[in-house]
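Everything on this sheet refers to the single structure shown next.
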Amino acid sequence: MDEQGKIISTCDVDSNLALQIWTRGRTPRLSVMNRNKNSRKLIHIAWVEKQDRTLAINGKERGETFSYTVKDFEPAIQKILAEYYARTNFKLKFLKLALDLEKALAHPETILTASELSLMSEEKRSSLWIADCSVRDKSKFLPFFALSEEEAAVIPEEKMKIAGPAMRGTEGLLKTGVTAALKEVNPERWHNTVRVTAAAMLLGFSYCGADGTKTADEIWSEGEKKPPKEIGQMAMKVPEKKISLHDPALFRLGHKLTAYIRHYYILDDVEILYVTDSEKELQESGFSRSRRIDFNTGTLGDVPYRVTFFENELEGMTAFGCNPRMQTARHTGHMVIMLPTETYKRALKNDTFGTEDDFFTITRLLWAKQFKEWYETIKIYVSKFAGLKS
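Heads up: the sequence shown runs through residues 556 to 945, numbered per our numbering.
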C-alpha cells in the first residue's frame, strides 16, 4: 500500500482495529486495518455516512469476530481527518473551494422583463439571488429566499441597487456587502453550510448521496503541471475550473444545497416517512385524497414516482404519498412527505415570485430535507477543522 500511496494519519479504535487516512495526492481513502491479521482494506470515507452500518472483523482465534457500529468510529475519524487537514495541502484547496462555493451561491440570475420574473425557468428558480433589470434605470438585486428579521435588516433597499449592466453579476452583488453581512447574522445558514460542503467534496464523502469522487479528483488536480510529452516541450497547467452549481457533476448537490438554504427556516416542520401503503395509512389517519402528479426519474429519486396529494383539514396538515413506479434501492414501500399546510403554502411562495409550482416545490422540499440530514452527518466529522462559527 505504501508503494501506491501514503498513510497520512492513524488512530487505534482498540486493540483489534485501527483507522487510517491513505492518499495518492488525490481524494483520500479510509483504510480499515485489522490489527489481529495485519491486513488493510481501502474504502471511500462516504461509507461512514450510513449511521446504522456495522463492521465485523476476525479476531486472532478461529471463529472469533468483533463487531463495530459507525458510531464507534466517530472519535477516530475526527482525529485522522483533523491530522490530514494539518499535514497536507488540503487547507489551501479547502479554503479556495469554500470561496468558490460562496461565489457560486451568490451568482444572480438576470431577469429582463416583468413576465420573465413570474415565469422563470427551473434553472433560474434554483438561484438564491435575482438581478431584476425589468424596470429601466431601477435595476436591483432581489433575495430569492425567506429572510428572518435580522437578515432583512442587513439587506436595505439602497444597498441592493445595481449601478449598471457590468455590475449585475456575482462581483456586483459581492461588492454590496450583503452576502458578508448575512454570514455574520446567521453563520449556520450562510457560512457553516458552505464550509462543511466544501470539506465533504474534497475528502471523498458522497455528494449528498451521489458519488462525487471523479469531481473531487479533478478539483485536487487543478493547477498541476502536466508532464511534457516530448523533451523540450513546455509543461502546460491544467486550466482552473470555475465552480458552478449548474455543472453536470455538481448539479444535484448544488440544487440540494440551494434548496436547503432557501427553505432553511421551515425544514424542522417537514417530515419524511416510509410506509407500506401511503394511501391506506394516510386515509386511516384522517387525510383526504385530492389529486395526483407524476414525477420523472431523477426528481424524487432514481425511478419515476406517482405523487398523491392528501389534506387533513382538521389538523391543518398536508401530505404527499410518493409511490415509486419501479423498484428503487433507496427505500422499501412508499415515501411520505408531511408538513403543516401553512408551511407548505410558505414554501410555495418562497420558490417563486409569481406562479406557484407544486412540482418544483415538492422536489425542493425533499432535496432540502435530504441535504439537511446529510449535512448534519458530515458536520460531526469536519467541524473541528472546517472553521465553523457559532
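Glycine included, each C-beta is placed from N, C-alpha and C at the ideal position.
- For Ile935, the enclosing alpha helix (DSSP H) starts and ends at Asp913 to Val937.
- Shown here, Leu702 sits in coil according to DSSP, grouped into three states, outside any helix or strand.
- Rounded to the nearest angstrom, the Cβ distance from Glu706 to Val740 is 5 Å, consistent with a contact under 8 Å.
- It is roughly 43 Å from the alpha-carbon of Phe699 to the alpha-carbon of Ser564.
- Contact check for Val937 and Ala754: beta-carbon distance about 4 Å, within the 8 Å limit, so the pair qualifies.
- Between the stretch 684-696 and the stretch 647-666 there are three or more C-beta pairs closer than 8 Å, enough to call the two in contact.
- Note on the stretch 609-644: whole alpha helix (DSSP H) runs with a minimum of 4 residues are 625-642, in chain order.
- Secondary-structure assignment with DSSP links Tyr829 through a beta bridge to Met890.
- Per the coordinates, the alpha-carbon of Glu629 lies some 39 Å from the alpha-carbon of Glu834.
- Distances from the CA of Glu713 to each of Gly724, Leu728, Ala701 and Leu702 were compared; the closest alpha carbon is that of Leu728.
- In the structure shown, Met588 adopts extended strand secondary structure according to DSSP, grouped into three states.
- If you check the CB distance, Ser843 and Glu870 do not come in under 8 Å.
- A direct Cα-Cα distance of roughly 13 Å separates Tyr639 from Ser586.
- Here Gly809 carries a helix assignment [DSSP, helix/strand/coil].
- At the C-beta level, Thr578 and Gly560 come within 8 Å of one another.
- Straight through space, the alpha carbons of Asp607 and Glu619 are spaced by roughly 22 Å.
- The stretch 874-884 and the stretch 905-912 do not touch, with fewer than 3 CB-CB distances between them shorter than 8 Å.
- Residue state for Leu647 is assigned as helix, using DSSP reduced to three classes.
- About 6 Å separates the beta carbon of Gly888 from that of Tyr829, a gap short enough to meet the 8 Å contact definition.
- Contact annotation: Lys944 and Asn747 have beta-carbon atoms nearer than 8 Å.
- Phe760 sits close to Ile933, with the two beta carbons spaced by under 8 Å.
- Within the same chain, Cβ atoms closer than 8 Å to the Cβ of Ile717 are found at Ala686, Cys688, Ser694, Lys695, Phe696, Arg723 and Gly727, the five residues on either side in sequence being excluded.
- Here Glu868 carries a coil assignment [DSSP, helix/strand/coil].
- The residue from Arg590, Ile632 and Arg847 with its alpha-carbon nearest to that of Glu616 is Arg590.
- Out of Val891, Trp602, His818 and Gly853, the CA that lies nearest to the CA of Lys900 is found in His818.
- Annotated three-state conformation of Leu597 is strand, per DSSP.
- In the structure shown, Asp569 adopts coil according to DSSP, grouped into three states.
- Per DSSP, the continuous alpha helix (DSSP H) segment holding Trp775 begins and ends at Thr768 to Ser776.
- The beta carbon of Trp775 sits closer than 8 Å to those of Gly580, Arg581, Thr582, Lys648 and Leu757, all from its chain and outside the five residues before and after it, given in chain order.
- Taking a cut-off of 8 Å on C-beta distances, the stretch 913-924 touches the stretch 844-859, as three or more cross pairs fall below it.
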